[in-house]
Amino acid sequence: MNLINIAFTIAQWLIIARVIIAWIPSLRYNPIGRLIVQIVDPCLRPLQRLVPPWKTSGFDISPILAFIILRIIYELLRRLL
14 MNLINIAFTI
24 AQWLIIARVI
34 IAWIPSLRYN
44 PIGRLIVQIV
54 DPCLRPLQRL
64 VPPWKTSGFD
74 ISPILAFIIL
84 RIIYELLRRL
94 L
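Sequential numbering from 14 applies to the sequence shown in the working numbering.
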């Protein structure tokens, strides 16, 4: 169970880091920033297609949706194990 907690905590922090990178574009050129974008963006892209930012006045809600989905998956796994 601890491993699951750690994995989900890391995933949440990566999403938060990706949001910060979106706010400060110069971080995207940092090697760590590029790595975070490469890891997180493939997970956020389907959510961005589901609710494109232009439908929400330019506000990208895909990280919020990702947090909700992560929480649901976490709770399901916790109940199964």
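Yeah, the Cβ is synthetic: ideal placement off N, Cα and C, and Gly gets one too. Just so you know, these numbers come straight off a predicted model, no measurement behind them.
How should residue i be labelled, buried or exposed, when 16 other C-beta atoms within 10 angstroms of its C-beta is the threshold for buried?
i, result
"residue 31", "buried"
"residue 116", "Residue 116 falls outside the range modelled here, since the chain spans only 14 to 94, and no answer is possible."
"residue 57", "buried"
Using alpha carbons as the reference points, say which of the options lies closest to residue i.
i, options, result
"residue 61", "35, 28, 78, 48", "78"
"residue 26", "16, 49, 42, 17", "49"
"residue 36", "92, 73, 83", "73"
My guess is that residue i and residue j are in contact by the Cβ rule of under 8 Å, so how many angstroms apart are they, rounded?
i, j, result
"residue 80", "residue 28", "7 Å"
"residue 94", "residue 14", "6 Å"
Would you kindly report the start and end of the unbroken alpha helix (DSSP H) that includes residue i?
i, result
"residue 54", "44 to 63"
"residue 94", "Segment: none, residue 94 is in no alpha helix (DSSP H) and carries neither H nor E."
"residue 16", "15 to 36"
Validate contact between the segment 20 to 40 and the segment 76 to 91 using beta carbons, cut 8 Å, 3 pairs = yes
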